[in-house]
Amino acid sequence: MSENFIPKNVFGKFMHITDTQWKLPSKKSLVFFLGAGFCPYCATQRWAIVEALKNFGQWNNLVEERSASVEEKFVNVPTFSFAKATFESELIEFIGRETADRNFDPLQELNIDDQNILDVYNPDNMIPFLLIDGQYMRFGSSIKPELLQNIGHDTVRNEISLEKSEIGKMIREETKNITTLICKCVSDKSDICKSMEIIEKRNEIN
Numbered sequence: 000m001s002e003n004f005i006p007k008n009v010f011g012k013f014m015h016i017t018d019t020q021w022k023l024p025s026k027k028s029l030v031f032f033l034g035a036g037f038c039p040y041c042a043t044q045r046w047a048i049v050e051a052l053k054n055f056g057q058w059n060n061l062v063e064e065r066s067a068s069v070e071e072k073f074v075n076v077p078t079f080s081f082a083k084a085t086f087e088s089e090l091i092e093f094i095g096r097e098t099a100d101r102n103f104d105p106l107q108e109l110n111i112d113d114q115n116i117l118d119v120y121n122p123d124n125m126i127p128f129l130l131i132d133g134q135y136m137r138f139g140s141s142i143k144p145e146l147l148q149n150i151g152h153d154t155v156r157n158e159i160s161l162e163k164s165e166i167g168k169m170i171r172e173e174t175k176n177i178t179t180l181i182c183k184c185v186s187d188k189s190d191i192c193k194s195m196e197i198i199e200k201r202n203e204i205n
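Residue numbering for the sequence shown follows numbering that gives the first Met the number 0, beginning at 0 and increasing consecutively.
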């Protein structure tokens with residue numbers, strides 16, 4: 000990260016931490032997520048990540064899951080697992096790491112490339128953690144897990160489509176935040192970046 004860059008808040012909990020891209024061999028823009036299956040805030044944040052990235056490519060092997068049923072303040076939050084998921088895109092390289100499953104058992108080990116990223120941006124391995132292109136990052140989720148616990152995946156999908164739904168509004172807003180930041184990092188090379196909604200949001204960070 001640049002020593003002269005002053006981090007600043009953008010879009011609520013997102014931080015603009017540098018103008019320097021995290022270099023990948025693929026030359027694509029990195030979207031990196033660190034979470035765990037038991038974590039209710041990870042569970043809600045995945046909805047926005049999944050919806051946002053649909054604008055830039057295609058998901059494969061994205062498995063529906065739920066957060067822990069015990070020992071968390073909010074339980075059985077419908078979500079997805081990134082452990083075996085892959086994402087195909089000409090613009091984005093997505094890395095999703097799930098350190099444990101919903102039963103608190105270890106799931107994925109971090110490799111050296113993962114650890115190099117975390118050493119710079121998240122040395123305490125806090126979750127949920129989302130990094131976009133090495134330039135924007137956030138911890139936590141703006142989507143309240145208490146509103147999603149114990150409901151079905153199809154119910155959440157329906158709520159996303161309802162204009163007046165509180166759940167839908169939260170997921171749509173976070174989806175728009177993520178989409179806008181990715182658009183900036185990929186120089187608006189996706190059609191979604193040319194929509195008025197994203198252009199107006201994009202102007203907030205120019």
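Idealized CB from N, CA, C, for every residue including glycine.
Shortest alpha-carbon distance to A35 belongs to which of E89, N54, I166, R65?
-> As a working mapping, residue 35 is identified with position 36 in the sequence shown. Closest option to A35, Cα to Cα, is R65.
Please determine if the segment 9-21 and the segment 137-157 are in contact, where contact requires at least 3 C-beta pairs separated by less than 8 Å.
-> Yes: the two stretches touch, three or more of their Cβ pairs being nearer than 8 Å.
Decide yes or no for the touch test of the segment 177-185 against the segment 47-59: beta carbon pairs closer than 8 Å, at least 3 of them.
-> Touching, yes, given that three or more Cβ pairs across the two stretches are closer than 8 Å.
Go to S189, then tell me how far its beta strand (DSSP E) extends in each direction, as first and last residue.
-> What you label residue 189 is simply residue 190 of the sequence shown in a count that begins at 1. Segment: none, S189 is in no beta strand (DSSP E) and carries neither H nor E.
Smallest Cα separation from I94: which of K22, F31, R45?
-> Numbered from its first residue, the sequence shown carries residue 94 at position 95. The residue from K22, F31, R45 with its alpha-carbon nearest to that of I94 is F31.
Quick one: grab the DSSP three-state call for I48.
-> In the sequence shown, residue 48 corresponds to position 49, counting from 1. In the displayed model, I48 falls within a helix according to three-state DSSP.
With DSSP collapsed to three states, give me the class of P105.
-> The residue you call residue 105 lines up with position 106 of the sequence shown. If DSSP states are grouped into helix, strand and coil, P105 belongs with the strands.
DSSP bridge partner residues for R137 (one or two, in chain order) = Here residue 137 corresponds to residue number 138 of the sequence shown, with the count starting at 1. In the DSSP output, where bridge partners are listed per residue, R137 has L129.
Please confirm if the segment 96-108 is in contact with the segment 36-49, defined as three or more CB-CB distances below 8 Å between the two stretches.
-> With a cut-off of 8 Å, the segment 36-49 and the segment 96-108 count as touching, because enough Cβ pairs lie within range.
Buried or exposed: G133, going by 16 or more other Cβ atoms within 10 Å of its Cβ?
-> The residue given as residue 133 occupies position 134 in the sequence shown. By the neighbour-count criterion, in which 16 or more other beta carbons inside 10 Å mark a residue as buried, G133 falls on the buried side.
Could you pull out every unbroken beta strand (DSSP E) segment of at least 3 residues lying fully inside the segment 62-122, listed in chain order?
-> Those beta strand (DSSP E) runs which fall completely within the segment 62-122 and span 3+ residues are 62-65, 77-80, 85-87, 91-97.
Reference L90; option with closest CA among D18, I197, E158, S25 = The residue given as residue 90 occupies position 91 in the sequence shown. When C-alpha distances from L90 are compared across D18, I197, E158, S25, the shortest belongs to S25.
Since H15 sits in a beta bridge, which residues does DSSP pair it with?
-> Locating residue 15 in the sequence shown gives position 16, where the first residue counts as 1. Bridge partners of H15: K7, Y135.
Identify whether G36 lies in helix, strand or coil by the three-state DSSP scheme.
-> Residue mapping note: residue 36 aligns to position 37 of the sequence shown, counting from 1. Residue state, collapsed to three classes: coil.
Name the DSSP bridge partner or partners of F31?
-> The residue given as residue 31 occupies position 32 in the sequence shown. Paired residues: I94, L130.
Looking at F10 and N202, is the spacing between their C-beta atoms short of 9 Å?
-> Your numbering for residue 202 matches position 203 in the sequence shown. Your numbering for residue 10 matches position 11 in the sequence shown. Between N202 and F10, the CB-CB gap reaches or exceeds 9 Å.
Among H152, P144, L117, which one has its Cα closest to the Cα of F79?
-> As a first step, residue 79 must be located in the sequence shown, where it is residue number 80. Residue H152 is the option with its Cα nearest to F79.
Residue from A47, N75, K22, R156 whose Cα sits closest to the Cα of P127 | Counting from 1 along the sequence shown, the entry for residue 127 is found at position 128. Here the closest residue by C-alpha is A47.
Where I142 falls, given that 16 or more other Cβ within 10 Å makes a residue buried | Within the sequence shown, numbered from 1, the residue matching residue 142 stands at position 143. Buried is the call here.
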